[in-house]
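Under mature numbering (1 follows the signal peptide of the UniProt record, and there is no 0), the residues of the sequence shown are numbered -19 to -1, 1 to 713, in order.
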Amino acid sequence: MLKFRLVLATTLLPLLFFAQSRSKSFTVKFISDPIQVDGVLDESVWEIAESAHDFQQYFPSDSTLAAQQTDIKMLYNATTLFIGIKLNTEGDNYVIPSLERDYRAGGNDNISLLFDTFNDGTNAFLFGMNPYGVRREALISNGGSGPSGFTTSWDVKWQGETRLYDGYYVCELAIPLTSFKFKQGETKWRFNSYRFDMQTNETSTWMEIPQNQLIYSLAFMGDMVFEKPLGKSRTPMAIIPYVNGIVGKDYENDNDLSALNFGGDAKVSIGNGMNLDITVNPDFSNVEVDNFVTNLTRFEISLPERRQFFIDNSDLFGSFGSEEDANPFFSRRIGIAENLEEETIENGIIGGLRLSGKLNENLRLGFLTIQTEKDEANHIASNNNTVLALQQRMFSRSNLSFIFVNRQTFDDYDFLEESDRYNRVLGLDYNLASADNTWTGKFFYHKSFAHEIGSQDAAGGINLNYNSRYLNVGLNGNFIGEDFRSDLGFIRRQDVVVAKPFVEVNFWPKKGRLNFHGFTFNPNMEWKPTLDYQNTDYFIFSGWQAQFKTQEELSARLFNRFTFLTEPFDPTGTDGGVELPADQGYYYTSYEVEFQSDRRKVFSYALEPGYGDFFNGTRFSFEGDMSLRLQPKVFLILGLNYDSIKLPDPYESADIWLVSPRINITFNKSIFWSTLIQYSNQRDNLGFNSRLQWRFAPLSDLFLVYNDNYFVNSFMPRSRSINLKLTYWLNI
């Protein structure tokens, strides 16, 4: 019994240590003297500023102070938050892959600052800089629980300069208080900062964070206390007009694509916590094309939202339900439709508005309405698309959320079925996040409405996770009724009950080359209610993963699968190919390994080969990428996906290739040139996207974009266009 108690104490003490990390705070003093943002902290007021210091190491260890310390000082006046940062280094061999704004933080030298201005542990603003003065900003939502809650598409005006010295560099920032949202009279924000130092292979944070938690988790933050209460935020109205001229042709359908479009957005601040966004005749054509994806499944794949209008407070609308299986609102549904040949085409948007933000300390509101154009030639109705969301904070970091989604046409069209005139969804979600992020989860129930919809019109789920340093356990599952429908959502499949438990055990060696390694077991089971709950799919994932102290990563995975086809299916996607028959089950097992090299190196790569059974045949797959950094001007990337599928006669076999080289050239911090080539024989497309961007003023850009697409086999042109697009951000 004594031995058992000693083992238990040894196991629990580290958990208690991290769960009860000591709090930190510093005072932000009010000043009236001006500060010049030049990377030189020579104004006398910096001497009176308190600082956030004593950074804690996060990698390769999380139990010691950082070897290279960081000191952050803050001051403010009635309009601006000033930040001066001194970052110690062991040399000047910085890793800077690019001079383009909104860089990715991992694998290069930089620092990020997180501000939780409503002290709710749910949302935060992020500002970051690297040693060359390149800036980035982001919005963090859902408590910083994962990549889907980290949005770098958000842009705002602020100043930042750096200066390099012997043994350290200095970042100086001036962020207008209007760039934040906060409660009038507030005296405290929650704050944290994380830093990557590539020369000493160290990642550090101001508030200590255990390595089993994400480095941008909002559960681990200290306090920045303002010397005087913050006043009313007087954000100017921003007008963002655009002009877009395009010359192009759709050779496949013999259509002229040439057009001249103009429109714009307006951003209006309502009080200290709300934003009103208005858009008129928006141009939602992406100057940066979507990445191609090889799809060997029977289901649709979701792609991320890139359009600026939908970005601010996007978590208010898009985080309901199950992101993978049943999300009732997926903003990329707006602005696209199917033509008479069931091909996806752009559906013009007349205009819309969005009101979002904080109503008070605990309640957030989101309201979005968009009107799309009619296209009677393709039997596409004009629709109003409206979403209402409310989020009430509960306990320390949890919330109860309500959503109403409505897609409706108000006109009569001869081609429109009565069942397609409207679709509505009502939903309620409870999002759980404990104070120290040990317990996280979601519970949701949604119901859909449409003309003569069936009785199986609901979807719901449970997701409960326990996270600790050594053991992670999850109990996850959901159901989606056969008649559940969300025209503005992402519904991967219907008529299904899903169970997805998992267990993960991690080890943190004190000696040797490994930083951590661990084992994962994750069975996924699916049943079909209309087939008397027949088990139609299972997917059992078993894996081992490891991270080295030199930042390499290695993993090995085993997949045991069963698929019962309810409809004929050709895994190769061959046009006119012989499909595997329905009402038949397939058992198949496969293996996969993956290695990721040290991203700090000038040349880095990732390799992921796999082999095994695939339905009634075999599949060899290889996925990889290589990158070469000629810093800070040139960054070369080559992505490769290859699948060799061999099925017995008379079924199809295929070699599926996806090759995507990318060249990024940053001439300076204002002019960027990016070229992406994508070859996909599954899509029968060879595409070229070359984009020249000149940021001639803050958040104001001139784009010259060349797009060219060809059929793979014949190399005949499919479409070709040249865009010249101008956007200008004007504060009034």
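All residues carry an ideal CB built from backbone N, CA and C; glycine is no exception.
Just how far apart, CA to CA, sit residue i and residue j?
i	j	result
Ala480	Pro642	38 Å
Gly598	Tyr39	46 Å
Phe424	Gly124	16 Å
Gly458	Thr132	27 Å
Ile521	Asn276	20 Å
Ile292	Tyr568	42 Å
Ile644	Ser79	11 Å
Gly226	Trp170	45 Å
Asn74	Gln180	7 Å
Arg117	Glu633	47 Å
Gln437	Asp464	5 Å
Leu707	Ile282	31 Å
Ser42	Trp525	21 Å
Leu639	Phe669	14 Å
Glu354	Asp682	27 Å
Phe543	Thr517	8 Å
Gly114	Gly102	29 Å
Arg701	Glu327	16 Å
Gln515	Lys509	5 Å
Ala200	Phe301	21 Å
Arg580	Asp624	26 Å
Val386	His34	46 Å
Thr656	Arg672	6 Å
Asp306	Leu456	16 Å
Phe63	Gln612	30 Å
Thr390	Gly329	15 Å
residue 733	Phe96	Examination of residue 733 is not possible in this model, given that the chain is present from -19 through 713 alone.
Leu334	Ile351	7 Å
Thr531	Glu575	16 Å
Phe161	Gly130	18 Å
Gly87	Asn111	12 Å
residue 719	Asn58	Not covered by the structure: residue 719. The range shown for the chain is -19 to 713.
Arg699	Thr555	19 Å
Phe207	Ser239	55 Å
Phe595	Ser602	11 Å
Ile713	Pro679	15 Å
Please classify residue i: is it buried, with 16 or more other beta-carbons within 10 angstroms of its beta-carbon, or exposed?
i	result
Leu512	exposed
Lys491	exposed
Gly203	buried
Asp264	buried
Val151	buried
Val9	buried
Gln1	Its pLDDT being 40, under 50, Gln1 is placed unreliably in this model, and the coordinates cannot settle the point.
Gln194	buried
Thr184	buried
Val686	buried
Arg85	exposed
Ala358	exposed
Thr570	exposed
Asn343	exposed
Taking residue i as part of the beta strand (DSSP E), name the residues at either end of that continuous run.
i	result
Arg335	330 to 339
Lys627	615 to 627
Thr186	183 to 186
Pro698	698 to 708
Thr61	61 to 69
Met218	Segment: none, Met218 is in no beta strand (DSSP E) and carries neither H nor E.
Gly141	140 to 146
Tyr691	681 to 691
Thr350	344 to 353
Under the DSSP definition of a beta bridge, which residues are partnered with residue i?
i	result
Val454	Tyr447, Val484
Met110	Ile92, Arg116
His427	Gly408, Ala440
Asp258	Lys248, Arg335
Tyr519	Met506, Phe543
Trp170	Met205
Ser571	Phe540, Gly593
Met375	Ser379
Tyr57	Phe11, Leu62
Asn359	According to DSSP, which records beta bridges pairwise, Asn359 is partnered with nothing at all.
Ser6	Asp204
In chain order, each alpha helix (DSSP H) run of at least 4 residues that lies wholly inside the stretch 289 to 322: Segments of the alpha helix (DSSP H) lying fully in the stretch 289 to 322: 296 to 299.
Which ranges does the beta strand (DSSP E) cover as unbroken runs of at least 3 residues, wholly within the stretch 578 to 610, from first to last along the chain? The beta strand (DSSP E) runs lying completely inside the stretch 578 to 610 and spanning 3 residues or more are 584 to 595, given in chain order.
Original post:
Taking only runs of the beta strand (DSSP E) that begin and end inside the stretch 621 to 678, which ones reach a length of at least 3 residues, in chain order?
Top reply: Those beta strand (DSSP E) runs which fall completely within the stretch 621 to 678 and span 3+ residues are 635 to 647, 652 to 661, 666 to 678.
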